[in-house]
Ligand SMILES: [Zn+2]
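Numbering (the working numbering), first residue to last: 429 to 676.
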């Protein structure tokens, strides 16, 4: 690290659990962020400000006026632009050292497999079950840690599936594809603006912990948050021995 980096990351370096060694791991890391919306915004902002060396952001949508209530990586003058381009511009202004790769599409198939295989951590902030399951399958295949988050109305949830560990449950163990036919989307249900900030910030924290090898990630646990009462609880997750994705 040069002198400027030592200053930029000094408040991380001061933490004994992170230190220079942990910060160097972050600088050398590659994070894949699925979605540049409500969750992807705080995720990308914190990963970039914290110095994760390479961040790939995938999202096929354009910035819309209705996004700005909660998708804090986008500015009003970005309306009509690709979300990933808008996000890249904001992240570059915060930390020009970080390399941001913008993928302006809803990724799936082989492209997704390749992006996941190249990442050290995958953070899912997408808004639909089809993509969530595709991301999970790719993470199981490449044995990559997956930090999953969801937020709708006043309800949030976060879980880490550390698929480097063969005993870990996967997203499908928890939410079988057959179970949910309809997406519960913000467009119809509404979402409390800071809720996505809380959930996305927790996802960013878990991703940084996984990358730096710090603390105890939320692996195999589901954190449930009710923003109306601000009650949080964690539920232990079990691997489904009959899961067609991770137990095949
Ligand atoms: Zn599974």
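C-beta atoms are modelled at their ideal positions from N, C-alpha and C, and glycine is treated no differently.
- Message: Residues in the same chain with beta-carbon distance under 6 Å from residue 600, minus the five sequence neighbours each way, listed in chain order, please.
- Response: Here the set comprises 564, 671, 673.
- Task: Assign residue 589 to one of three DSSP states: helix, strand, or coil.
- Result: strand
- Task: Give the secondary structure of residue 483 by DSSP, where H, G and I count as helix, E and B as strand, and everything else as coil.
- Result: In the structure shown, residue 483 falls within a strand segment according to DSSP collapsed to helix, strand and coil.
- Counting Cβ pairs closer than 8 Å, one from the segment 503-511 and one from the segment 584-598, do we hit at least three? no
- Terminal residues of the continuous beta strand (DSSP E) containing residue 462? 458-462
- Report yes if the C-beta of residue 510 is less than 8 Å from at least one heavy atom of ligand 1; otherwise report no. No.
- Message: Beta-carbon within less than 6 Å of residue 497's beta-carbon, same chain only, minus the 5 sequence neighbours each way: which residues are those?
- Response: 621
- Message: Quick check on residue 645: buried or exposed, where buried means 16 or more other Cβ atoms within 10 Å of its Cβ?
- Response: buried
- On a CA-only basis, which of 581, 630, 536 is nearest residue 724? Give me that one, please. The question about residue 724 has no answer, for the chain in this structure spans 429 to 676.
- Message: Can you tell me where the beta strand (DSSP E) holding residue 529 begins and where it ends?
- Response: 527-531
- Query: What does a CB cutoff of less than 6 Å around residue 638 pick up in its chain, not counting 5 residues either side in sequence?
  - Reply: 549, 573, 645
- Please list, in chain order, all residues with a C-beta atom less than 5 Å from at least one heavy atom of ligand 1. 598, 600, 601, 671, 673, 674
- Task: Classify residue 502 as helix, strand or coil using the three-state DSSP reduction.
- Result: coil
- Task: Report all residues from its chain with a CB closer than 8 Å to the CB of residue 605; omit the five preceding and five following residues, and keep chain order.
- Result: 557, 561
- Message: Between residue 473 and residue 522, how many whole angstroms is the CB-CB distance? I'm expecting something under 8 Å.
- Response: 7 Å
- Span of the beta strand (DSSP E) around residue 658: Run containing residue 658: none; DSSP gives neither H nor E here.
- Item | Alpha carbon of residue 429 to alpha carbon of residue 448, nearest angstrom | 9 Å
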